[in-house]
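J.: Quick note, the sequence shown lines up with residues 332 to 486 if you use my numbering. The beta-carbon is built from N, C-alpha and C at its ideal position, and this holds for glycine as well.
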Amino acid sequence: MPIGNWQLAIGNFLWMGAVLCLCPAAFAQSAELHLESTTLEVGEAVDVQVICSNTGDPVIGELEAPEGLDLKLFSTMPSVSSFMSIVNGRGSQVTKYTYTLRLTARKEGTYRLGPFQVTGTGQTFLTAPVDITVHKTPLSRSTNGDKFIFAELTV
332 MPIGNWQLAI
342 GNFLWMGAVL
352 CLCPAAFAQS
362 AELHLESTTL
372 EVGEAVDVQV
382 ICSNTGDPVI
392 GELEAPEGLD
402 LKLFSTMPSV
412 SSFMSIVNGR
422 GSQVTKYTYT
432 LRLTARKEGT
442 YRLGPFQVTG
452 TGQTFLTAPV
462 DITVHKTPLS
472 RSTNGDKFIF
482 AELTV
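Okay, here's the thing in C-alpha cells:
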C-alpha cells in the first residue's frame, strides 16, 4: 500500500519532535551573568542571576566575590523554564536553568564579578565577567532618608 502525503507529513513531524526532545544540546548553549544594576552604593544589595541555556542539568562552580562585595546563593537548585517552537517545519527549543544570588556592596570601589564556571552536558561554560562600581552613600541620604524600624508588641 503506497504512503500518502499526510502520512509522510505525520512521519516528518514525529521525527522533528524526537530530534527536539532527544537532542537539546544541538541548540545554542551558553552561560550568562545578569545583574539588576552595575552601579551600587555601600550597603545596597541587588539580585544576580546565572542563566544557563541548553546546558543540560548544570552544576555551578565556586561562586567567589571580590573583597568588598558579599555574594550569597539563594538555592542550590536552579529554577527551570523551557520553550519550544515549530514554525514552518523548523523547530527550536530553549531550556534555561537560573541560579539566583544576592550581591551586597560592602566597600567603595570598582570590582569585577566573575567569570563563573558552569558544567553541563559534559562541557564547561564560563560567564563573561561584569564590572561593578560601588559609591559611598551620600550623607544627605543616609541622615535624612526614610528610617526603618522593627517593633514587636506583646499583649
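1. A359: buried (16+ other C-beta within 10 angstroms of its C-beta) or exposed?
2. According to DSSP, Q380 sits in a beta bridge with which residue or residues?
3. Just the C-alpha distance for L457 and V418, rounded to the nearest angstrom, thanks.
4. Have a look at R443 and L484 and give me their C-alpha separation to the nearest angstrom.
5. I think L434 touches A459, with their Cβ atoms under 8 Å apart; what is that distance to the nearest whole Å?
6. When the Cα of E372 is compared with those of E439, G422 and G399, which residue comes out closest?
7. In its own chain, which residues sit with a C-beta less than 7 Å from the C-beta of L353, not counting the 5 before and 5 after it?
T.: For this structure:
1. exposed
2. H365 and T431
3. 31 Å
4. 44 Å
5. In fact, because the Cβ distance is near 16 Å, the residues do not count as touching under 8 Å.
6. E439
7. Note that L353 has pLDDT 45, beneath the 50 cutoff, so the model's placement of it is unreliable and no number is given.
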